[in-house]
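For the protein sequence lines, the chains are A and B, in the order given.
Positions 9 to 231 (this note's numbering) are the ones given, in order, by the first sequence.
Positions 48 to 299 (this note's numbering) are the ones given, in order, by the second sequence.
What follows is a short report on a single structure.
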Amino acid sequence: MSTTSGKFLQSSLGKKLLMGLTGLFLVSFLIVHVSINACIYFNDGGATFNAAAHFMAHNPVIRVVEIGLFIGLILHAVQALMLTMQNNKARPVKYAVPAGNVSSKWYSRSMGILGSLLLLFLVVHLANFWVPTKQAVFNDMEHDTFAGLKEVFSKWYFVGVYMVGVISLGYHLLHGFQSAFQSLGLNHKKYTPMIKSFGFWFSIIITLLFASMPITMFLGLIK
Amino acid sequence: MSHGNMNLTLKVWRQKNTKATGKLETYKVTDISPDMSFLEMFDVLNEQLINKGEEPIAFDHDCREGICGMCSMYINGRAHGPKSAITTCQLHMRSFKDGDTIVVEPWRAAAFPVIKDLTVDRSAFDRIISKGGFISVNTGNAQDANCLPIPKPDADAAFEAAACIGCGACVATCKNSSAMLFVSAKISQLALLPQGQVERTSRAKNMVAQMDEEGFGNCTNTGACEVECPKGISLENIARMNREFFMANIKE
Ligand code: HEM
Ligand code: SF4
Ligand code: FES
Chain A
9 MSTTSGKFLQ SSLGKKLLMG LTGLFLVSFL IVHVSINACI YFNDGGATFN AAAHFMAHNP
69 VIRVVEIGLF IGLILHAVQA LMLTMQNNKA RPVKYAVPAG NVSSKWYSRS MGILGSLLLL
129 FLVVHLANFW VPTKQAVFND MEHDTFAGLK EVFSKWYFVG VYMVGVISLG YHLLHGFQSA
189 FQSLGLNHKK YTPMIKSFGF WFSIIITLLF ASMPITMFLG LIK
Chain B
48 MSHGNMNLTL KVWRQKNTKA TGKLETYKVT DISPDMSFLE MFDVLNEQLI NKGEEPIAFD
108 HDCREGICGM CSMYINGRAH GPKSAITTCQ LHMRSFKDGD TIVVEPWRAA AFPVIKDLTV
168 DRSAFDRIIS KGGFISVNTG NAQDANCLPI PKPDADAAFE AAACIGCGAC VATCKNSSAM
228 LFVSAKISQL ALLPQGQVER TSRAKNMVAQ MDEEGFGNCT NTGACEVECP KGISLENIAR
288 MNREFFMANI KE
């Protein structure tokens, strides 16, 4: 029998594998990110938080991981765009009566939109914090990230943008976390229910944690 | 009108041929028994059209008992109508109410072009099967079944996958028109059995390649296919197909 298959990463399943791997890699970053941010709850004028932020901004290992993170994010977003375009092309004539929610969850059908909202949010987010920190590091200046946080989250419209971003993230993960395992071929009678419930609680908890930060700062609860 | 019978409004997709642009046409049917199947109701409608000298509606059907997979109809937003895990021929009119409006569309997918009205060309599935949905065995007497011991869980999983009737409801219902439930059922059925081992690697690679080439979309794990599949083919098969494909690509 001849082998007619093309390049692995150009195949549908190869692309899905990359989607799942990059998605889970981004999830691992979220865990680090939320832990650092939670340092604001020491409520010590940002001393602990700034120490953690300083470590992250100067540690060489973290610098390398950061490059990996950007590559992962770009791969994930580019692949998502290609898959979504292909999927739209696979049904040129739409149904007059759409299926709605009877056979699937709305957020599982909206990964492209949720991801795009996330991407837009990330642009704002990087401009708020990543760019100023980088500028300071390049100019060899000390940077008070905590002061930056307070400044940004004193404005209601930034708090609004962060809520939209964080809720998009929550729904993206609600489907994406368990979906990634399926894409990697990991589906098991015993373990899949555990992965699903872990993914569910993980998505909710990480959303609430991230959402709590702008809100508590806006309300002036963090000194 | 005898007791419990229904009058219904139907909106049915009419399209002369693959190239023509189609549209939904409205028809009325009266005195429909709740015990009729959905296809029998269509027979009544077609009789009505023929008597009026109009072109009857083309729709696929064959066994009318849920085993051939021909009766592709997308009814009120759902493949095979409002119930899960059945075909259109197994759908009864008692699932509807007097006065209902029912919209009937063909399967929608670039890979399943409309031939006429509600009939679509599903030969893309045949081309996928021809790339590896078979085993090569010599003809002659079948050997004794006990020569090939198969663990019961594997036999069960293979049997469940083999229940796929190739109806295409998974493609029709998937937001991405993905054929992965179908292809994964066919790959699983053979990958789980000793007879399927010879072509195991090339099967996974070639069937997936053909699936991609036919223009089916990519699975995003929404799970809609599993809900609508008349044979209850499970998403576990898609994960197994992914594993088979990854392993095949590592091997060669
Ligand atoms: C740049 C913005 C992003 C876009 C445009 C995007 C888009 C997508 C799309 C379209 C999918 C595929 C849908 C599916 O498989 O069901 C997906 C899957 C996924 N995304 Fe994202 N995403 C983005 C950012 C993120 C981030 C920041 C994370 C994690 C923190 C993430 C985690 C995941 C996971 C875990 C999956 C599941 C992978 C799979 O099903 O194989 N995504 N994303
Ligand atoms: S997997 Fe189910 S829905 Fe898809 S073709 Fe087979 S029987 Fe039909
Ligand atoms: S006509 Fe054969 S399955 Fe419905």
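Even glycine gets a Cβ: it sits at the ideal position worked out from N, Cα and C.
8 Å Cβ cutoff met for residue i and residue j
{"i": "G124/B", "j": "A60/A", "result": "no"}
{"i": "L228/B", "j": "I175/B", "result": "no"}
{"i": "A271/B", "j": "K199/B", "result": "no"}
{"i": "L86/B", "j": "H50/B", "result": "no"}
{"i": "F218/A", "j": "V42/A", "result": "yes"}
{"i": "H183/A", "j": "S116/A", "result": "yes"}
{"i": "L192/A", "j": "G28/A", "result": "yes"}
{"i": "N265/B", "j": "S225/B", "result": "yes"}
{"i": "A105/B", "j": "K58/B", "result": "no"}
{"i": "F172/B", "j": "G215/B", "result": "yes"}
{"i": "M64/A", "j": "I44/A", "result": "yes"}
{"i": "M83/B", "j": "H127/B", "result": "no"}
{"i": "A98/A", "j": "F263/B", "result": "yes"}
{"i": "I230/A", "j": "I48/A", "result": "yes"}
{"i": "Q62/B", "j": "V161/B", "result": "yes"}
{"i": "C217/B", "j": "E283/B", "result": "no"}
{"i": "L181/A", "j": "V255/B", "result": "no"}
{"i": "Y121/B", "j": "P153/B", "result": "yes"}
{"i": "K23/A", "j": "L32/A", "result": "no"}
{"i": "L96/B", "j": "I79/B", "result": "no"}
Start and end residues, alpha helix (DSSP H) containing residue i
{"i": "V230/B", "result": "227–238"}
{"i": "S220/A", "result": "199–226"}
{"i": "W164/A", "result": "164–191"}
{"i": "T30/A", "result": "20–45"}
{"i": "R250/B", "result": "247–260"}
{"i": "K102/A", "result": "Careful: K102/A lies outside any alpha helix (DSSP H) and carries neither H nor E."}
{"i": "M140/B", "result": "Here M140/B belongs to no alpha helix (DSSP H), and DSSP marks it neither H nor E."}
{"i": "Q95/B", "result": "85–98"}
{"i": "P200/B", "result": "199–209"}
{"i": "I48/A", "result": "Counting along the chain, I48/A falls outside any alpha helix (DSSP H), and DSSP gives it neither H nor E."}
{"i": "V119/A", "result": "Position check: residue 119/A holds Met in this sequence, whereas Val was assumed. Run containing M119/A: 119–133, per the alpha helix (DSSP H) assignment."}
{"i": "A61/A", "result": "55–66"}
{"i": "R290/B", "result": "283–298"}
{"i": "A189/B", "result": "No alpha helix (DSSP H) holds A189/B; DSSP gives it neither H nor E."}
{"i": "T267/B", "result": "Segment: none, T267/B is in no alpha helix (DSSP H) and carries neither H nor E."}
{"i": "T141/A", "result": "139–146"}
{"i": "E159/A", "result": "153–160"}
{"i": "T220/B", "result": "216–220"}
Residue span of the beta strand (DSSP E) that contains residue i, given as start and end
{"i": "V151/B", "result": "148–152"}
{"i": "V110/A", "result": "Segment: none, V110/A is in no beta strand (DSSP E) and carries neither H nor E."}
{"i": "V161/B", "result": "161–163"}
8 Å Cβ shell around residue i - same chain, five flanking residues per side excluded
{"i": "A251/B", "result": "G179, I234, A238, M288, E291, F292, M294, A295"}
{"i": "K144/B", "result": "M53"}
{"i": "M9/A", "result": "Residue confidence for M9/A is low, a pLDDT of 39 falling below 50, so the modelled location carries little weight; the figure read from the coordinates is stated next. None."}
{"i": "A209/B", "result": "A232, Q236"}
{"i": "A88/A", "result": "M27, M119, G120, G123"}
{"i": "A85/A", "result": "G123, L127"}
{"i": "S13/A", "result": "Because the pLDDT at S13/A is just 46, under 50, the model does not fix this residue reliably, and the value given afterwards should be weighed accordingly. Excluding positions up to five away in sequence, the list reads S19."}
{"i": "C136/B", "result": "S84, F85, L86, H108, C110, R111, E112, G113, C118"}
{"i": "T166/B", "result": "A105, F106, D107, S119, P153"}
Spatial neighbours of residue i in its chain, beta-carbon cut-off 6 Å, leaving aside the 5 residues before and after
{"i": "F154/A", "result": "G54, F57, N58"}
{"i": "Q186/A", "result": "I203, K204, G207"}
{"i": "H151/A", "result": "T141, A144"}
Same chain, Cβ closer than 7 Å to residue i, five either side skipped, listed in chain order
{"i": "M225/A", "result": "L157, K158, F161"}
{"i": "V174/A", "result": "T215, F218, A219"}
{"i": "T11/A", "result": "Any reading at T11/A needs caution, since the residue's pLDDT is 44, under 50, leaving its predicted position unreliable; the model's value is listed next. Counting only Cβ-Cβ distances below 7 Å, and skipping sequence neighbours, we find nothing."}
{"i": "T92/A", "result": "G120"}
{"i": "Q190/B", "result": "none"}
{"i": "N64/B", "result": "K163"}
{"i": "L25/A", "result": "S191, L192"}
{"i": "N95/A", "result": "none"}
{"i": "C115/B", "result": "D109, I212"}
{"i": "Y74/B", "result": "L57, V59, L92"}
{"i": "D168/B", "result": "F159, P160, I162"}
Sheet register partners of residue i (DSSP bridge)
{"i": "E72/B", "result": "V59/B"}
{"i": "A126/B", "result": "Y121/B"}
{"i": "T166/B", "result": "K163/B"}
{"i": "I79/B", "result": "M53/B"}
Interface flag, residue i vs chain E, CB-CB below 8 Å
{"i": "D107/B", "result": "Structure shown: chain E not included; protein chains present are A and B."}
Residues around ligand 3, please: the ones whose beta-carbon is closer than 6 Å to some heavy atom of it, in chain order. Those satisfying the condition are, in chain order, H108/B, D109/B, C110/B, R111/B, G113/B, I114/B, C115/B, G116/B, M117/B, C118/B, T134/B, T135/B, C136/B.
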